[in-house]
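Q: Protein chains in written order, with this note's numbering: chain X, 331 to 666; chain Z, 308 to 615.
Even glycine gets a Cβ: it sits at the ideal position worked out from N, Cα and C.
What you are looking at is a predicted structure, and each value in this text was computed from that prediction instead of being measured.
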Amino acid sequence: MEVDQVVPLPRLPRVAVCGGTHGNELSGVYLVRELLKLQREVMKKEQEEDSKPALVLLVLSNPRAMQQCRRYVDTDLNRCFTHATLNGPLSDMAPYEIIRSRELNALLGPKGSPEAVDLVCDLHNTTANMGLCFIGYSDCDWICLHIFRHLQMPDTPMRFLHFDVSNKESYSLDSLGKHGFAMEIGPQPHGVVRSNIYTAMKVGVQHMLDWIRLFNSGNVFEGGFVDVFTMVKHIDYPRDSETRNITAAIHPCLQDRDFCLLHPEDPLFQTFSGETVRYKGTEPLYPFFINECAYYEKGIALSLARKRCITIPAIRVQTEQEQQANEQGFASEEEE
Amino acid sequence: MESVSFPPLSRVAVSGGTHGNEMTGVYMVRHLQKEKIDKIGSVSVSTVLSNPRAVEICRRYVETDLNRCFTEALLNSPVTDSSPYELRRAQELNAQIGPKGSKEAVDLLIDIHNTTSNMGLCLILYSIDWLTLHILKYLQSKMASVEVRAIQLDIPIAEAYSLESVGKHGFAIEAGPQPNGVVRADIHNLVKEAVDHIFSWLQEFNSGSTFEGGEVEAYTLVKSIDYPRNPVTGEITAAVHSQLQDNDFKLLQRGNPIFMSFSGETVKYDGEDLYPFFVNECAYYEKKIAFHLARKIKLTLPPIKVTD
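Given below as structure tokens:
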């Protein structure tokens, strides 16, 4: 692909910013509340500047979990967005989050349809020392990669994490939109708001909305290179065979060292009797979600990724003619 | 100063999981139980997982905060099967390790806690107890690379509401920062080292050593400050300011920033010079506490030894 060939992409008229998908990840909860307060001013500013305003939907995804300051009430909401779960049979006794996922699908989707919002940005926190991460399913969604590249955060390390999951199997809220990603910021304990983390998220969301406004107005974004971390595997804690209780903690040499290359034989865990358990993989990989609180129950002590450098093309918004030609193209495809 | 003597401390209880999501104590107690540790030298050790139901679901408590259930009044109040779980559990624990105030109570109770605040290692005690303060002094001398502090809550024992008040002597070990539900190896190692030193001290004490007097500093609770809140919804409208965040035990003075609202305004402290602690503790949002404030006091410890 030629880096200087500009790829035209459809406009992004409808954007959703979601917080509280996990009810105890508080930056997103308070940021969405704050943005709801400011919403009128934001839209007014866009009209004054005569730019093409995007509609920004602000959503508190899991209100019941938020009320109890818990990750979820019955089941993890952010695993409820597969096509199968969204469209399967629904009983009276369905878990709260399954019912809620369908409401969100009606609001922001339906997933996979032309009515779906153009972009979903889902706000999360982690207890891991991950700085700011974009988490997406694709390593070739130029919109998400360009937004990532546009973010400038002086004090916060930023990374693009890619989970190679097909559209059919994608399970998280951000997969409802035509484009989507999670904005994950840590470290922050669940149930706590840290001012620096809140501010980083606020700046991140603001820059994203600025980018969308610029994109919709016709700005050309130059191509370039982005480092992408693609998830390879997870590693669980050593556990007691009877009780399944963990028998070791993340080793002090690994704790807080997200995205620092892990080599074979590097320390992974320290047992409660003081022994070191080492990484037995053959390939050096980048660890992340190191000691994430919510992952103990999912059997994940840390995840491991490979790093690649991706080339992204220059992009701009489609002109109206290009948009119409696009739509006609789809229409005639459907006829056939 | 005259030496003060105490009877031997031959029965010690170590408790964890009083709050079910404060993981250091949970894993420490599980490990001691797995290794079947019931004696360390001259000291018999009992280990207790205080709130097993809360530990099971990894939450602070099931119905009510267990660590507020140990006042004389609550321990003696009538309970039924429909009473809150933690009230019943407190009475069970009192029967097992106490009864509070009686001769059958354990000699020393060490209750292990974690905090999301950057408090390092603290011993929390109710009243001026020379024994606990000597343990503090000993820990400070043995763990020179770490700040070990004492926090004193000036409450008479009958009204003392937390678990460690059940023992003849008792204190909580509070270690942070650690998120709820997470176990950090560095925090675990710190607490393990402290507990090991405490047991060494107990051996020495029981075998007749005299521990010299001296001066220690302690932080005594004065008051608490809540978050700014929306008067209608009760929701917080600001977070602890980044200049106060993680600065537990650094003197707070009038004019210092304490909160940053979600819309970006700074709130400043207006009060006497005091030392903040439990800054941004997760469990205290619902107790309407953003941070506590303490006065630093100097205490002169007499020499102590075991009664002949």
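With DSSP collapsed to three states, give me the class of Phe478 of chain X.
A: Of the three classes helix, strand and coil, the one that applies to Phe478 of chain X here is helix, per DSSP.
Q: Beta-carbon within less than 6 angstroms of Ala361 of chain Z's beta-carbon, same chain only, minus the 5 sequence neighbours each way: which residues are those?
A: Excluding residues within five positions, the ones whose Cβ falls inside 6 angstroms are Gly327, Tyr368 and Val369.
Q: Helix, strand or coil for His593 of chain X per DSSP?
A: If DSSP states are grouped into helix, strand and coil, His593 of chain X belongs with coil.
Q: Thinking C-alpha only, which one of X:Pro484, X:Asp485, X:Arg489 and X:Lys532 is nearest Leu475 of chain X?
A: The candidate whose alpha carbon is nearest that of Leu475 of chain X is X:Arg489.
Q: Is it true that the CB of Tyr582 of chain Z sits closer than 8 angstroms to the CB of Leu559 of chain Z?
A: Taking 8 angstroms as the Cβ cut-off, Leu559 of chain Z and Tyr582 of chain Z qualify as a contacting pair.
Q: Could you check if Ile604 of chain Z is buried or exposed, using at least 16 other CB atoms within 10 Å of its CB as the buried criterion?
A: Classification of Ile604 of chain Z: exposed, given that the 10 Å Cβ count is below 16.
Q: Got a sec: is the Cβ-Cβ distance from Arg524 of chain X to anything in chain Z below 8 angstroms?
A: Closer than 8 angstroms to some Cβ of chain Z, the Cβ of Arg524 of chain X qualifies, so yes.
Q: Between Ile429 of chain X and Thr405 of chain X, is the Cβ-Cβ spacing less than 8 angstroms?
A: The answer is no: Cβ separation not under 8 angstroms.
Q: Quick one: what's got a C-beta closer than 6 angstroms to Ser570 of chain Z's C-beta in the same chain, skipping five residues either side?
A: Result list for Ser570 of chain Z: empty, nothing under 6 angstroms.
Q: With 7 angstroms as the limit, tell me which residues of the segment 576 to 591 of chain X have their beta carbon closer than that to any beta carbon of chain Z; keep them in chain order.
A: Listed by position along the chain: Ala579, Ile580, His581, Pro582 and Gln585.
Q: Can you give me the Cβ contacts of Glu499 of chain X inside the same chain, cut-off strictly under 8 angstroms, excluding the 5 residues immediately before and after it?
A: Answer for Glu499 of chain X: Thr412, listed in chain order.
Q: Which class does Cys463 of chain X belong to by DSSP, given the choice of helix, strand or coil?
A: Strand at Cys463 of chain X.
Q: Just reading off the alpha helix (DSSP H) that Ala601 of chain Z is part of, what are its end residues?
A: Ala601 of chain Z -> not in any alpha helix (DSSP H); beta strand (DSSP E) instead, spanning Phe598 to Leu608.
Q: Tell me, to the nearest whole angstrom, how far the beta carbon of Phe585 of chain Z is from that of Thr422 of chain Z; I am working on the premise that it is less than 8 angstroms.
A: Between Thr422 of chain Z and Phe585 of chain Z the Cβ distance is about 6 angstroms, and since that is below 8 angstroms, they are a contact.
Q: Spatial neighbours of Phe511 of chain X within its chain, please: C-beta separation below 7 angstroms, excluding the five flanking residues on both sides.
A: Excluding residues within five positions, the ones whose Cβ falls inside 7 angstroms are Cys451, Phe464, Ile465, Gly466, Cys474 and Asp504.
Q: Counting Cβ pairs closer than 8 angstroms, one from the segment 493 to 503 of chain Z and one from the segment 525 to 535 of chain X, do we hit at least three?
A: Judged by Cβ distances under 8 angstroms, the segment 493 to 503 of chain Z makes no contact with the segment 525 to 535 of chain X, as fewer than three pairs qualify.
Q: Please give the ranges of any beta strand (DSSP E) in the segment 503 to 579 of chain X, keeping only runs that are unbroken, at least 3 residues long and fully inside the region.
A: The segment 503 to 579 of chain X contains these whole beta strand (DSSP E) runs: 509 to 516 and 554 to 565.
Q: Could you please give the first and the last residue of the uninterrupted alpha helix (DSSP H) stretch that includes Val336 of chain Z?
A: From DSSP, the alpha helix (DSSP H) with Val336 of chain Z extends over Met330 to Lys341.
Q: Less than 8 angstroms between the beta carbons of Ala546 of chain Z and Arg363 of chain X, yes or no?
A: Not in contact: Ala546 of chain Z and Arg363 of chain X (Cβ atoms no closer than 8 angstroms).
Q: Is any beta-carbon of chain Z found at less than 8 angstroms from that of His520 of chain X?
A: Answer yes: the Cβ-Cβ gap between His520 of chain X and chain Z drops below 8 angstroms somewhere.
Q: Considering only residues of the same chain and omitting the five flanking positions on each side of Cys429 of chain Z, which have a CB-CB separation below 6 angstroms?
A: Cβ within range, chain order: Arg456, Ile458 and Glu481.
Q: Considering only their Cβ atoms, is the gap separating His520 of chain X from Cys410 of chain X smaller than 8 angstroms?
A: No, the pair does not count as a contact, with Cβ atoms beyond the cut-off.
Q: With Pro463 of chain Z as the anchor, note down where its beta strand (DSSP E) starts and where it stops.
A: Neither: Pro463 of chain Z is in no beta strand (DSSP E) and is coded neither H nor E.
Q: Please list the segments of the alpha helix (DSSP H) lying wholly inside the segment 621 to 666 of chain X, counting only runs of 4 or more residues, in order along the chain.
A: For the segment 621 to 666 of chain X, whole alpha helix (DSSP H) runs of length 4 or above, ordered along the chain, are 650 to 665.
Q: Anything in chain X within Cβ reach of Asp493 of chain Z, meaning under 8 angstroms, just list it in chain order.
A: Under the 8 angstroms cutoff, chain X gives Pro582 and Gln585.
Q: In chain order, what residues of the segment 569 to 599 of chain Z put their CB closer than 9 angstroms to some CB of chain X?
A: Within the segment 569 to 599 of chain Z, the qualifying residues are Phe569, Ser570, Gly571, Asn587, Glu588, Cys589, Ala590, Tyr592 and Glu593.
Q: Mind checking which residues open and close the beta strand (DSSP E) that includes Pro564 of chain Z?
A: From DSSP, the beta strand (DSSP E) with Pro564 of chain Z extends over Pro564 to Ser568.
Q: Which bits of chain X does Arg337 of chain Z rub up against, with CB to CB less than 7 angstroms?
A: Correct list: Asn575.
Q: Since Met567 of chain Z meets chain X, which of its residues come closer than 9 angstroms, beta carbon to beta carbon?
A: Within 9 angstroms Cβ-Cβ: Ser525, Tyr528 and Thr529.
Q: Looking at chain X, which residues of the segment 472 to 488 of chain Z have a Cβ within less than 7 angstroms of any of its Cβ atoms?
A: Those would be Pro486, Asn487 and Gly488, in chain order.
Q: Are at least three pairs of beta-carbons, each pair with one atom in the segment 377 to 391 of chain Z and one in the segment 430 to 444 of chain Z, less than 8 angstroms apart?
A: Taking 8 angstroms as the limit for Cβ pairs, the verdict is that the segment 430 to 444 of chain Z does not touch the segment 377 to 391 of chain Z.
Q: Are there 16 or more other CB atoms within 10 angstroms of the CB of Cys348 of chain X, so buried, or fewer, so exposed?
A: Classification of Cys348 of chain X: buried, given that the 10 Å Cβ count is 16 or more.
Q: By the DSSP assignment, the beta strand (DSSP E) with Lys475 of chain Z in it spans what residues?
A: Run containing Lys475 of chain Z: none; DSSP gives neither H nor E here.
Q: Compile a chain-ordered list of the residues in the segment 613 to 631 of chain X whose CB is closer than 9 angstroms to at least one CB of chain Z.
A: Here the close residues are Asn621, Glu622, Cys623, Ala624, Tyr626 and Glu627.
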